[in-house]
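Please read the structure below before turning to the comments.
Chains as they are written, first to last, in the numbering used here: chain E, 6 to 158; chain F, 301 to 1030.
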C-alpha cells in the first residue's frame, strides 16, 4: 500500500518496500540526492532531515512509519534560521569535501530554531552526532555563532 | 602521497617517456597499457568563445577554469582557479570550474607524468602552468581588443574582468572572447610579479561552497543518475585474499527490484533497480569462500611479527656516518619501541563508481584520483584500449588517500561487473557500484600497521651523537605500478620518509626497513609514512631534550640551525602559543615540528585531562610554511582539517583483525572525531616567496607527537602504542 507523506511541502505517494529507509526513498524514489548516505546506522548524521521540524536520521527512519508525516530536506529547508546558517556557512567557507554538510546544516538549523543563542556546550550537544571527516568542526562552531548573530541582527 | 613520484619524473623530459617508465613498472598482475589514452580535450569552442585547454571564456562573460585535479575537499579547484583568475584579472564572480576529461597528454600532473592527484602536489605542479594559462588568455583578449579598437596593445588595461583604453573604449571578456579566439597564441606571455597579484596570497573564496550548502544535485559520484541505471553492491570476502567458491543467490534473487547476481573474481555483485533492494538482497546471499590465499592471522599476531622484524637488522634505507660508534660514545642513550595500528581512511562519501560499457567503449562517472591508471585498469579488464575509456571526474566526498589506488580496484570491480553483465548477453545499462560504510571500514587499503625500534644518543652537551632506527611494515608500493620508481633495493621510500630526511643534525644516522607480507591491502593515508615517522621522531626528540635537561623548543632550536624554514615555523608556533608563558592549572603543552611534502609545519598542543582521565586537546597553535601561500584561507582550512584528521586517529582509531576478519565495521566501532573532540585551532601562515608546496597533508603529522609530548609533560611518560584509547587516555 502506498505511503502518503509531505516532503518540502509537496505531497507524495510512495509505493515501495515499507522497510525502505527514508534516506533511500529520498535519494532513489524521488531523486533528491542532497540528503547523504554516510553510515546507514544513525552514527554519522549525513542523512539528517527534519520530521515536523525535529532533526532525525533518515537512514533509520522507515517508510512504513511515515504515513502522514511532514519531512523537510536540505533542498527545501528555509526560514530565518536556515537562511542565517547558509549565509554563515558561505561567509566562513565551512565545507571542504562538503559531503556531510547537508546534515550539518539541517542539525544546525534545528538547533538555532530551538536555541537562538547557543553556547559551545549547546553546540556540542546538538552537533556531536554529525561527523565531518574533513574535521571542519572549528568552522562549523564559528558559523553557528555567526548565524546566531545574524538572526539577532 | 604521490609526491614520491616527483623525483624520478620531474627530470624525465617528455611526459610520454615518464608514462612508459611507469607502465614498465606494472606488476602484481596489473596490465598497464603502453598507450596514452587519446585526447578528448577541452570543450569545442562555439562561436564567440575562447576555448583553451585550461581556460574557457564564453560569450556570457563567464570564465571556466578546467581543473585537472580531483577536488576531494582540499580546495584544488578553487586553488587552480585562483591562479588563472589572478593572471587573467578576472573577477571572482565570473569564474567557474569544471573537471578535465581523462587525457594524460594534456592534463597530466607535471610531477607524476600521468593524470592524477596526490602528494599535496596540485598547486605545486600547476603554479606556472595555470598562471601561464591565465596570462595567455589575457594576452589574446588584449591583442583582439587592440585590433578591434585600432590602438597599441600596450595601451590596453585589464582589471576586474574588463578591458579598457584611455580613449574610453571598454569591453568585457565575453564580448572580446570570439575575436580573441582568432589571435595566435603568445609565445611567452608575461606573468605578473608578486606585487601585482590581486588574489594570490590574498583572498579568493571557494567556488564550491554554495552548491555544498543547498544539497545541489549531481555533485558527487554517488549522486550520479542516468536513465535505466542499475545499482550494484558487492559481497566482498570476509578475509583478505579469499575468493568466492560457491554462491547460492536464490533468496537474494527473490527480493523485489533485484535484477541479477553476478559472481566476480573477488566477490559477488547484486544488481538491482535501486540501492536499497541491492543492500537487502546482499544480506541474503549464501557464499562459501576459498581461503587458500587469504590472510587468516589476527592483528596481534601480525604486530608480533612486525616487532620481531624490527628487532633484527633490515634493509638499509639511509646511512650517514657511524651510528653504532656514535651511540657507543653517547652520554645518554634512549631506546624505544613503538607500534601503530592499521587505519581506515573512512571518507564520508563511501566509494562508488558508475560505468556504462557498450562492448567497445566504456564511460565512468566517479571521483577519479588517478585517471590515467583508472583508464588503463578498465581497458585491461574490458579488453579495449585506454583511449576507449572516458572518465567523468566528479567532486569527491573526501579521500585522504583512499581514492588513489595504484590498482584502481573500484574501477576494476565495476569493469568486471559490466563485463559480466555484457557477457550474459544483456543490453548495456549504466551500473552504479556503491560501497556501504561496512564495505569501506572492512575493505582494506589501510594505513599499514607499523612497528618501530629506535635508539638515539646524546653527548653531555645535548648534541645527538647517533640515531639508529628500524621500521617494519608492509610496503605500500611493492607490487604496484609505482614500484619501479619508488622502491630501490627493496626499500619503499614511503616506509621511512620523515626519518631518512631528518635534519636534527644527527651526527650519525642509520635507518633500516623490513617489508612484511600480508594479504591485507595497504595504501597511503593522509601524509603516508609521516603518519608514524613524525610521531616517533618528534617524541624521541622530546625524550632526548628531557634527558639533556633542556626545554623542548630550545633543544630543537639548537638542532635546527641549518634548517631555517623548520626553525622558522617552530619559533612562530612557540611564540604565538605563548610557549614560555605559565599555563593555567591543569593545562599541559607539547610541541612538534615536521616537514612533509616540502611543507614545514609546527604545532603546539595544549591539553587537559577530563575527570575520567581522558585527554582533552584544548587548543592547537599551528605555523605553516608552504612557500607562496596561494590561497591563505584554504591553507588555514587544510591545517585545521589535517589536525582534526590526525587527532581523530591517535585518539581512538584502529582496525584490528581476529583470525583474518576485521573486527570493526562502521562508525559505532571505528569512532570518528566529533565536534566535542575538536580543539580550538589557530593557524599562522608564513609569508614567503619560495615556490608553493602543498597543504593537504602536512598539517596531519605533527599533531600526534605534539599531543603525546603534552601528555608526557603531564605524566612523565611517552605513549608508544597508539591509539590513546588503548591506554585509557581517550
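No residue lacks a Cβ here, since even glycine has one placed at the ideal position from N, Cα and C. As the structure is a prediction and not an experimental result, all values here were calculated from the model.
Inside the segment 813 to 900 of chain F only - beta strand (DSSP E) runs reaching at least 3 residues = 888 to 896
Does the segment 584 to 604 of chain F come within contact of the segment 538 to 557 of chain F, defined as at least 3 CB pairs closer than 8 Å?
-> Contact between the segment 584 to 604 of chain F and the segment 538 to 557 of chain F is present: three or more C-beta pairs spanning the two stretches fall below 8 Å.
Cβ pair count under 8 Å reaching 3, the segment 692 to 712 of chain F against the segment 513 to 530 of chain F | yes
Would a C-beta distance cut-off of 8 Å place residue 63 of chain E and residue 26 of chain E closer than the cut-off?
-> Yes.
Measuring only between beta-carbons, confirm whether residue 909 of chain F sits less than 8 Å from chain E.
-> no
Consult DSSP for residue 755 of chain F and reduce its assignment to one of helix, strand or coil.
-> strand
From residue 489 of chain F to residue 430 of chain F, what does the alpha carbon distance come to, in whole angstroms?
-> 12 Å
Under the three-state reduction of DSSP, which class applies to residue 910 of chain F: helix, strand or coil?
-> coil
Check distances from the C-beta atoms of the segment 26 to 54 of chain E to those of chain F and list, in chain order, the residues that come in under 8 Å.
-> 26, 29, 32, 33, 34, 36, 37, 38, 39, 40, 41, 42, 43, 44, 45, 46, 48, 49, 51
Residue 642 of chain F beta carbon less than 8 Å from that of residue 955 of chain F | yes
Exposed or buried, residue 111 of chain E, counting other C-beta atoms within 10 Å across all chains shown (16 or more means buried)?
-> buried
Mind checking if residue 140 of chain E is an interface residue toward chain F, Cβ cutoff 8 Å exclusive?
-> yes
Could you confirm whether any beta carbon from chain F is found closer than 8 Å to the beta carbon of residue 78 of chain E?
-> For residue 78 of chain E, the answer is yes, since a Cβ of chain F falls inside 8 Å of its Cβ.
Is there at least one Cβ from chain E nearer than 8 Å to residue 1019 of chain F's Cβ?
-> no
Cβ atoms of residue 382 of chain F and residue 953 of chain F: under 8 Å apart, would you say?
-> Going by C-beta atoms, residue 953 of chain F is not nearer than 8 Å to residue 382 of chain F.
Between the segment 98 to 118 of chain E and chain F, which residues of the former have CB atoms less than 8 Å from a CB of the latter, in chain order?
-> 98, 99, 100, 101, 102, 103, 104, 105, 106, 107, 110
Environment of residue 415 of chain F [buried if 16+ CB atoms lie within 10 Å] = By the 10 Å Cβ count, residue 415 of chain F comes out buried.
C-beta contact flag for residue 596 of chain F and residue 539 of chain F at 8 Å | In this structure, residue 539 of chain F lies closer than 8 Å to residue 596 of chain F by Cβ.
Residue ranges of each alpha helix (DSSP H) run of no fewer than 4 residues wholly in the segment 361 to 434 of chain F, ordered along the chain?
-> 376 to 388, 404 to 407
Rounded C-alpha distance that separates residue 123 of chain E from residue 158 of chain E | Taking the straight line from one Cα to the other gives about 16 Å.
Please decide whether residue 702 of chain F counts as near chain E, where near means a Cβ-Cβ distance under 8 Å.
-> no
Contact set for residue 906 of chain F: own chain, Cβ-Cβ below 6 Å, skip 5 residues either direction = 887, 889, 918, 919
For the segment 736 to 759 of chain F, which residues have a beta carbon sitting closer than 7 Å to at least one beta carbon of chain E?
-> Under the 7 Å Cβ criterion, the segment 736 to 759 of chain F contributes 736, 737.
Indicate the three-state DSSP secondary structure (helix, strand or coil) for residue 241 of chain F in the structure shown.
-> Lying outside 301 to 1030, the shown extent of chain F, residue 241 of chain F is not represented and no answer is given.
Should residue 843 of chain F go down as buried or exposed, given a rule of 16 or more other Cβ atoms within 10 Å for buried?
-> buried
Which chain F residues are close to residue 6 of chain E, counting only those with a beta carbon under 9 Å from its beta carbon?
-> In chain order: nothing, as chain F lies at least about 15 Å away.
Since residue 16 of chain E is in the beta strand (DSSP E), which residue starts that stretch and which ends it?
-> Going by DSSP, residue 16 of chain E is part of the beta strand (DSSP E) stretching over 15 to 19.
Return the chain-ordered list of same chain residues with a C-beta closer than 6 Å to the C-beta of residue 390 of chain F, the five sequence neighbours on each side being excluded.
-> 363, 461
Check residue 576 of chain F in the structure and name its three-state DSSP category.
-> helix
What in chain F is Cβ-close to residue 129 of chain E, meaning under 8 Å?
-> 975, 976
Per-residue burial, residue 635 of chain F [other beta carbons within 10 Å of its own, 16 or more giving buried] | exposed
Measure the C-alpha to C-alpha separation of residue 601 of chain F and residue 644 of chain F and round it to an integer number of angstroms.
-> 19 Å
Could you work out which residue in F:657, F:762, F:446 is closest to residue 852 of chain F when comparing CA atoms only?
-> Among F:657, F:762, F:446, the Cα nearest to that of residue 852 of chain F belongs to F:762.
What's the C-alpha gap between residue 820 of chain F and residue 443 of chain F?
-> Roughly 59 Å separates the two Cα atoms.
Look at residue 615 of chain F and residue 790 of chain F and say whether their C-beta atoms are less than 8 Å apart.
-> yes
Express the C-alpha separation of residue 1021 of chain F and residue 959 of chain F in angstroms, rounding to a whole number.
-> 22 Å
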